[in-house]
Amino acid sequence: MTVKRQIPTFVVFFVAVAMMLGGGISSQAQTKEKPITLTYAFFAPAGTFPGKQMTHWAEEIEKRTDGLVKVKTFPGGTLLGAGDMYDGVLRGVADIGLSSPSYDPGRFPLTSGVALPVKFPNATVASLTLLDIMMEFKPAEYEPFKIITMFTGEPGHIQSRKPVKSLDDLKGMKLRAAGTGVPVLKALGAAPVGMPMPQVPESVQTGVIDGTMTSREVLKDFKLAELLRYVLEYPTVVVSFAAVMDKKKWDSLPDKVKKVIDELSREMAIWTGQYHDKQNVGEALAWSKREHNLQIHTLSKTDAAKWDALLAPMVESWKKEMGAKGLPAEKFIERLKQLTDKYAQEYK
Ligand code: DTR
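The sequence shown runs contiguously to residue 351 in our numbering.
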């Protein structure tokens with residue numbers, strides 16, 4: 004009997020000690036924060052400028068949170084592609100997704116206003132204008148998302164298999180653009196096809212398209228200069244990029260992590276614009292001339308004015324179309340111009 008009673012006492016004692024120790028350890032573990040891992044998906048390769056932006060962001064986040072946040076990047080469409088990126092983020096396939104709202108102007112109507120022919124001088128000015136205007140207007144199209152950052156490339160240029168020197172050369176030419184660039188090509192008389200960037204190299208190779216209209220670094224970064232030997236020096240419209248997170252995921256993050264992400268938002272727009280404007284495009288053009296004898300044609304002033312006149316009505320018809328949807332189109336364009344002028348002074 005006594006033995007029987009002694010054993011439970013012993014057990015009780017050890018259990019009590021274990022609980023105290025365990026309690027101590029677990030309260031220590033509570034003060035030491037649990038690491039957070041964020042997954043970040045992008046549809047194109049890591050070596051392209053939006054991909055470099057993603058890597059840079061991941062490194063900065065890890066550094067600025069003292070390693071509390073780790074970012075796992077998935078470039079090249081390994082987790083999500085251009086078409087399913089934003090829905091994939093909402094489904095929780097990736098925590099953050101980087102894609103191009105310009106591929107789907109129906110879903111991102113107000114963002115499409117940044118892709119009008121408004122003559123941005125470079126990618127940095129367009130990127131800051133895009134980010135600021137979205138922060139100010141807070142359009143419903145981003146309702147389920149937290150915007151991590153936004154940026155654009157330089158205004159698109161026509162890059163083609165055969166030289167384009169006039170509207171006649173352009174007539175009926177099968178040129179690819181992001182969705183928002185399609186009306187531009189149509190107004191100039193080409194036969195436009197809307198298509199995400201990763202499909203372009205194969206479509207050029209198989210002759211589905213005769214060229215593309217986008218930022219010129221793709222000549223090197225997607226090796227397009229092998230087949231597209233001609234560039235027209237006539238800057239058209241930009242393509243926008245948005246990296247977003249699901250809002251519920253965002254709400255679950257600690258305040259200090261949110262603060263780091265928020266402070267990086269604008270920095271990334273500038274960093275990406277500057278890298279693209281000052282290095283990326285120039286290197287691609289030099290490489291394309293050296294390796295593939297790239298030819299650049301410039302429009303005469305009179306012709307450029309003629310082309311401008313063909314594109315000008317797009318702004319008014321966009322305003323009408325968006326106004327009819329109840330969007331603040333007038334104010335948007337007015338503000339877009341103010342911001343462009345402001346940043347053009349700063350980033351030449
Ligand atoms: N969104 C592209 C623009 C583009 C230009 N360079 C890259 C690099 C990686 C992905 C996309 C792009 C367009 O469709 O024109």
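Just so you know, even glycine gets a beta-carbon here, dropped at the ideal spot from N, CA and C.
Return the CA-CA distance between residue i and residue j, expressed in angstroms with no decimal places.
i, j, result
"T114", "A307", "26 Å"
"A32", "A85", "With a pLDDT of 42 at A32, under the threshold of 50, the modelled position of that residue is not reliable, and the figure given next carries that caveat. Taking the straight line from one Cα to the other gives about 40 Å."
"A315", "K174", "19 Å"
"K37", "L93", "24 Å"
"K345", "P158", "18 Å"
"V18", "T152", "In this predicted model, V18 has a pLDDT of only 42, less than 50, meaning its place in the structure is not dependable enough to derive any value."
"S255", "G210", "48 Å"
"K292", "R232", "9 Å"
"K340", "V121", "8 Å"
"I336", "K35", "49 Å"
"S206", "D213", "9 Å"
"A67", "W253", "Per the sequence shown, the amino acid found at residue 67 is Arg instead of Ala. In a straight line, the C-alpha of R67 is about 17 Å away from that of W253."
"A327", "R269", "32 Å"
"G95", "W321", "34 Å"
"L178", "P257", "47 Å"
"R110", "K141", "15 Å"
"E367", "L267", "Coverage of the chain is limited to positions 4 through 351, which leaves residue 367 absent and any answer about it impossible."
"P366", "M138", "The structure shown does not extend to residue 366, since the chain is modelled only from 4 to 351, so the question has no answer here."
"Y350", "K75", "32 Å"
"M248", "A97", "8 Å"
"K324", "E333", "Position check: residue 324 holds Glu in this sequence, whereas Lys was assumed. Cα to Cα, E324 sits roughly 11 Å from E333."
"D90", "P201", "19 Å"
Near residue i, what residues of its chain come up, given a Cβ to Cβ distance below 8 Å and the 5 sequence neighbours on each side ignored?
i, result
"T81", "A44"
"L342", "L131, T132, D135 and I136"
"P53", "F45, A47, L101, F154, F244 and T275"
"L230", "R164, V207 and Q208"
List the residues that DSSP assigns as beta-bridge partners of residue i.
i, result
"H160", "T217"
"R179", "V196 and T215"
"L41", "V74"
"V234", "Q162 and I299"
"A245", "S102 and M153"
Among the residues of its own chain, which have a CB less than 7 Å from the CB of residue i, if the five just before and after it don't count?
i, result
"V265", "According to the sequence displayed, residue 265 carries Asp and not Val. Once the five neighbours on either side are set aside, D265 has no close Cβ partner at all."
"K55", "Y278"
"K250", "P147, F148 and K149"
"A312", "none"
"V72", "I39, L41, I64, E65 and V260"
"P186", "M317"
"G182", "S105, Y106, D107, P108 and G197"
"I299", "V234 and E236"
"P124", "A347"
"V128", "T343, Y346, A347 and Y350"
Taking only beta-carbon positions, decide if residue i is within less than 7 Å of chain C.
i, result
"H279", "Here chain C cannot be found, since the structure has a single protein chain."
If I measure Cβ to Cβ from residue i and keep anything under 6 Å in the same chain, skipping five residues before and after, which residues do I get?
i, result
"I161", "V167, M216 and L235"
"G27", "At G27 the pLDDT is 41, less than 50, meaning the model places this residue with poor confidence and gives no usable figure here."
"A228", "L222, S291, H295 and L297"
"F77", "A44"
"I273", "none"
Ignoring anything shorter than 3 residues or poking outside the region 127-153, list the beta strand (DSSP E) runs there in chain order. Segments of the beta strand (DSSP E) lying fully in the region 127-153: there are none.
Which full runs of the alpha helix (DSSP H) of 4+ residues lie inside the region 247-303, going along the chain? The qualifying runs are 250-254, 258-278 and 284-295.
Please list the segments of the alpha helix (DSSP H) lying wholly inside the region 49-109, counting only runs of 4 or more residues, in order along the chain. Counting only runs of 4 or more, we get 52-67 and 88-94.
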